[in-house]
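See below for the structure under consideration.
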Amino acid sequence: VSKGATHDEL
Amino acid sequence: MNLFRLAGDMSHLLSVCVLLLKIRATKSCRGISLKTQELYALVFVTRYLDLFYSYISLYNSIMKVTFIATAVSIIRYMRFDKVVKQTYDKEQDTFRYAFLVAPCLVLALVLNHRFTFTEVLWTFSIYLEAVAILPQLVLMQRTQNIDNLTANYVALLGAYRGLYIVNWIYRYFTEPHYRQWLVWISGVVQTALYADFFYFYTKAWKHNTRLQLPA
Chain A
1 VSKGATHDEL
Chain B
1 MNLFRLAGDM SHLLSVCVLL LKIRATKSCR GISLKTQELY ALVFVTRYLD LFYSYISLYN
61 SIMKVTFIAT AVSIIRYMRF DKVVKQTYDK EQDTFRYAFL VAPCLVLALV LNHRFTFTEV
121 LWTFSIYLEA VAILPQLVLM QRTQNIDNLT ANYVALLGAY RGLYIVNWIY RYFTEPHYRQ
181 WLVWISGVVQ TALYADFFYF YTKAWKHNTR LQLPA
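Structure representation (structure tokens):
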């Protein structure tokens, strides 16, 4: 799972 | 950023505005759970630690700071404002923090994508957000007359979660590497908690009566 994808939401 | 995500964020922002409006205009926090508000503050602080080390967009940063600042402001009113704090239903707001915080912490330590300090805290915030509304829902069940601003506040919070689910479905089909089951399951659990509330909320709205949740 890529970290960036999950952390761009609030 | 898609339209569903933006609508979800705006709904979230509006919910905070409605709550602050209620507190400032009516000088009352009746029917509002301080426990839920403090849990949200903990959610925001643990999740938005990345403000210090990763930049996504100006929009993201402003929203993060806004959510932390408004959460602190709401808690300050409820705990320290001479007039407002007298309207807090302390005896009714009895939910134990530990019942929610401890299981979420354990779960975050076991179920996460990467075992690092910030990632575990981030995962903890995802789990905690899913259940942080529970003290508020319990308090509303005990409150006989739920005022419109309180009902609308919770409805907007529920709408925010619902819209995020639509956003995830949209992203699943439009972004090839977008897979995050951990967030999705927590989000669905969180939204499901509102199902009962929305049933009675729409019923009250249709019959133009005051919202009352059965005990």
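Respectively, the protein sequence lines represent chains A and B. Letter by letter, the first sequence follows residues 1 to 10 in the working numbering. Letter by letter, the second sequence follows residues 1 to 215 in the working numbering. Glycine residues also receive a C-beta, built at the ideal position from the N, C-alpha and C atoms. None of these values were measured; they are calculated from a predicted model.
For the stretch 50 to 81 of chain B, residues whose beta-carbon sits nearer than 9 Å to a beta-carbon of chain A comprise Asp50, Ser54, Ile56, Ser57, Asn60, Met63, Lys64 and Phe67. DSSP, read as helix, strand or coil, puts Gly31(B) in coil.
Across the stretch 147 to 161 of chain B, no CB contact with chain A closer than 8 Å is found for any residue. Closest option to Gln86(B), judged by alpha-carbon separation, among Arg30(B), Ala25(B) and Ser11(B): Arg30(B). Here Thr116(B) has no same chain residue with a Cβ atom under 8 Å from its own Cβ, once five neighbours each way along the sequence are excluded. For Asp9(B), the neighbours in chain A by C-beta distance under 8 Å run, in chain order, Leu10. The residue from Ala151(B), Gln180(B) and Ile32(B) with its alpha-carbon nearest to that of Phe198(B) is Ala151(B). Approximately 14 Å separates the beta-carbon atoms of Asn60(B) and Asn167(B); this is outside 8 Å, ruling out the contact.
When the Cα atoms are used, Arg47(B) and Asn148(B) turn out to be separated by approximately 30 Å. The Cβ-Cβ distance between Gln136(B) and Ser33(B) falls below 8 Å.
Between the alpha carbons of Ala155(B) and Gly162(B) lies a gap of roughly 10 Å. As summarised for the stretch 126 to 170 of chain B, there are no continuous beta strand (DSSP E) elements at least 3 residues long confined to that stretch. Chain A places a beta carbon closer than 8 Å to that of Arg5(B), counting this residue as a contact. When the alpha-carbon of Thr143(B) is set against those of His177(B), Arg210(B) and Ile126(B), the nearest one is in Arg210(B).
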